[in-house]
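Protein sequence lines correspond, in order, to chains A and B.
First residue of the first sequence: 1, per our numbering; consecutive thereafter.
First residue of the second sequence: 1001, per our numbering; consecutive thereafter.
Glycine is no exception: its CB is placed at the ideal position from the N, C-alpha and C atoms.
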Amino acid sequence: MFEFTKLMKFDVKVVVVKDILHEGDTARALISRELAEKLGVKDGGLIRLTRGDVSVCFEAIVSEFAEGVDVVIPSGYFASRLADEENPKLFKAEVEKCDKADSI
Amino acid sequence: MRIVCTACSCLCDDIVIEGGKVYHACRKGYNLLRGEREVNTVDGEKCDFEKAVKSAIDVFGNAKRPLIFGLDNVNCETQKLALKLAKNSGAIVADHSTLSCGELIKLAISRKHATLEEFRDRGYVSIYWGSNPHNGIPRHLSRFTYYPRSGKRQRGYEEDRFLVVVDVRKSETAKIAEKSKSGLFIRVEKDSDLIDSFLKALEGKAGKYVEVARALKEMEKSDLNAIFGGSGLYFGLNGGLESFEGMLDRLADLNVHFIPANTKANMRGFVELMLKETGSLCYDFGEGEACSLKEAFSLCDVALIVGADPFRTVPWTISSMIREREVILVNSLKSVTGRLCGSRVKISPEISCFSGGTMVRSDGVEVRLSGGGKERSDEAVMLSLLNQEV
């Protein structure tokens, strides 16, 4: 069956935080319950964040700790790919579903 | 053996290693002490420490525009040697402070503030603003601010402490504050609005965030309160540090001190040294002027990375530039930069916990590290580069 949510793309607020539990070789991001429902993503589902010409695919973890923003990324390699020097902590990115999480 | 942990700016001095086990360390500390070690290599070939250092001397000696980057996780003695090396070789010197808490540390240096021990013994209201100690400085709450029973504050968090968390999202620490009777979580959208609310509340008016009235009421109960500001505060202010400083001036009557939080182990030591020696946080000794981190990475031909992992901590638009440079990586633990950068030389010194010397904690207190005189320390590597001999 065709998944219409795969075609959905919209802007989200992303915050980069220190998170030693979720930082690692596989890209993981915490997402709010609200965003998960909007995107049709379950815990462990996959999302792609795009900022300018850079995209990173994350395994999504639905978490209360993303409440207040849409996506929380642990600081590290994947966050540095998306961040810029102006504000490496808080920025907007485009989100959509994807098929495979990035890893180092 | 009792050691000082150098995994974060808490510099916990109660870590015990006995029978191969690590006691009292947090997850960050344990990762530092038990993480996978880097291997000494030259052009990808494994070698011994001495050969790697010798190659580093050759590569660095041939540099026309070297960069020395990192230095936040090494002792003050190594930082001083690095600056001397930079002066002698016309190198650019930079750390992470321009990207995160440098301006907050400068602000703290310019103001009188309590030490963490004084706060542990007397402090009442702790405001974590743009900082989530749960992950960044995991033992900060238990050693210094919210949980300790110490000095005048023997009843701990039940009655003798008050926790305020200011964040754009509900962090782990925010959850503690939200659930506690002696806590308050203020979720902000714009930090400037919160500053405005504090100033209005001081005049008896209501601002956007009415919760500040309770925080101010609690502050009146104590002769020592503190704002612990992290990088979230710095970026949240969006350059408006003056308004924050103005607010601190107004809050001084309520005995509110400002102490940086979530900095790297010895970032304060580096900032103090750089301000004393150069007046800026990122300095080009070749040109004799301050420069930006982007300029530092783009201008160099050889990058000496010491105790840092720029591919993890510096935006890719800047850090990726060193892929086209010759890189000397001095890191005790395996790093993403070490894996992806194709460094000319990798040197794995002793972990800084055992290097001896001193580090400066985030509150400005000098802490003496365990060990010392190690032949394979960061300091020994820097000294070899300076003297051009192993």
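In terms of beta-carbon proximity, A:Ser55 stays away from the interface with chain B, with every pair separated by 8 Å or more. Beta-carbon to beta-carbon, B:Ala1025 and B:His1140 are separated by about 14 Å, too far to satisfy the 8 Å threshold. Following the DSSP letters along the chain, one finds B:Tyr1030 in no beta strand (DSSP E) but inside the alpha helix (DSSP H) bounded by residues Arg1027 to Arg1034. Put simply, the CB of B:Ser1231 is near chain A, with a gap under 8 Å to one of its CB atoms. Per DSSP, B:Arg1187 is one residue of the beta strand (DSSP E) stretching across Gly1183 to Arg1187. In this structure, A:Val14 is the residue among A:Ser55, A:Gly24 and A:Val14 with its C-alpha nearest to the C-alpha of A:Leu35. Annotation note: the region 1105–1151 of chain B contains the following uninterrupted beta strand (DSSP E) runs of length 3 or greater, listed N- to C-terminal: 1125–1129. Of all alpha-carbon atoms in B:Ile1105, B:Phe1235, B:Val1042 and B:Glu1117, the one lying nearest the alpha-carbon of B:Cys1012 is that of B:Glu1117. Cβ proximity to chain B below 8 Å picks out Val54, Glu64, Phe65, Ala66, Glu67, Gly68, Val69, Val72, Ser75, Gly76 and Tyr77 from the region 49–78 of chain A. Exposed is the label assigned to B:Leu1340, since fewer than 16 other Cβ atoms lie within 10 Å of its Cβ. The DSSP assignment places complete alpha helix (DSSP H) segments of no fewer than 4 residues inside the region 1032–1109 of chain B at 1049–1061 and 1076–1089, in order along the chain. One thing to note: B:Gly1130 has its Cβ within 8 Å of the Cβ of B:Gly1230. When the five nearest sequence neighbours on each side are left out, the beta carbons in the same chain lying within less than 7 Å of the beta carbon of B:Lys1080 are those of Leu1273, in order along the chain.
For the region 76–95 of chain A, the residues whose beta carbon sits under 7 Å from a beta carbon of chain B are, in order, Gly76, Tyr77, Ser80, Arg81, Ala83, Asp84, Glu85, Asn87, Pro88, Lys89 and Leu90. By the criterion of a C-beta distance shorter than 6 Å, B:Cys1047 is surrounded in its chain by Asn1040, once the five residues flanking it on both sides are discounted. Taking a contact to require three or more Cβ pairs closer than 8 Å, the region 1282–1300 of chain B and the region 1085–1093 of chain B qualify as touching. Excluding five sequence positions before and after B:Ile1227, the CB atoms of its chain that fall closer than 7 Å to its own CB belong to Ile1127, Trp1129, Val1256 and Phe1258, given in chain order.
A straight line joining the alpha-carbon of B:Ile1176 with that of B:Gly1183 spans about 8 Å. DSSP places B:Asn1387 outside any beta strand (DSSP E); the residue lies instead in the alpha helix (DSSP H), whose first and last residues are Asp1378 to Asn1387. Per DSSP, reduced to three states, the secondary structure at B:Val1004 is coil, with no helix or strand assignment. Cα atoms of B:Gly1102 and B:His1096: separation of roughly 8 Å, rounded to the nearest angstrom.
Excluding five sequence positions before and after A:His22, the CB atoms of its chain that fall closer than 6 Å to its own CB belong to Arg28 and Pro74, given in chain order. A residue is called buried once 16 or more other Cβ atoms fall within 10 Å of its Cβ, and B:Asn1135 is buried on that count. Comparing C-alpha distances from A:Gly68 to each of B:Val1166, B:Val1302 and B:Arg1312 shows the shortest one belongs to B:Val1166.
Listed along chain B, the residues sitting closer than 8 Å to A:Asp19 by beta-carbon distance are Asn1135. For B:Pro1349, no beta strand (DSSP E) encloses it, and the DSSP letter there is neither H nor E. Between A:Val17 and B:Asn1132, the C-beta spacing is below 8 Å. It is roughly 20 Å from the alpha-carbon of B:Gly1279 to the alpha-carbon of B:Lys1264. Within chain B, Val1168 and Arg1169 have C-beta atoms less than 7 Å from the C-beta of A:Val15, given in sequence order. By the criterion of a C-beta distance shorter than 7 Å, B:Ile1318 is surrounded in its chain by Leu1293, Lys1294 and Phe1297, once the five residues flanking it on both sides are discounted.
Pairwise C-beta distances place the region 1298–1307 of chain B out of contact with the region 1107–1123 of chain B, as fewer than three of them are shorter than 8 Å. In this structure, B:Asp1121 sits near B:Lys1152, with a CB-CB distance shorter than 8 Å. Residues are counted here when their Cβ sits less than 7 Å from a Cβ of chain A; for the region 1233–1258 of chain B these are Phe1235, given in chain order. As for any beta strand (DSSP E) of minimum length 3 sitting wholly inside the region 1254–1341 of chain B, the runs are 1256–1260, 1302–1306 and 1326–1330, ordered along the chain. A residue is called buried once 16 or more other Cβ atoms fall within 10 Å of its Cβ, and A:Asp99, having fewer, is exposed. Beta-bridge partners assigned by DSSP to B:Tyr1209: none are found.
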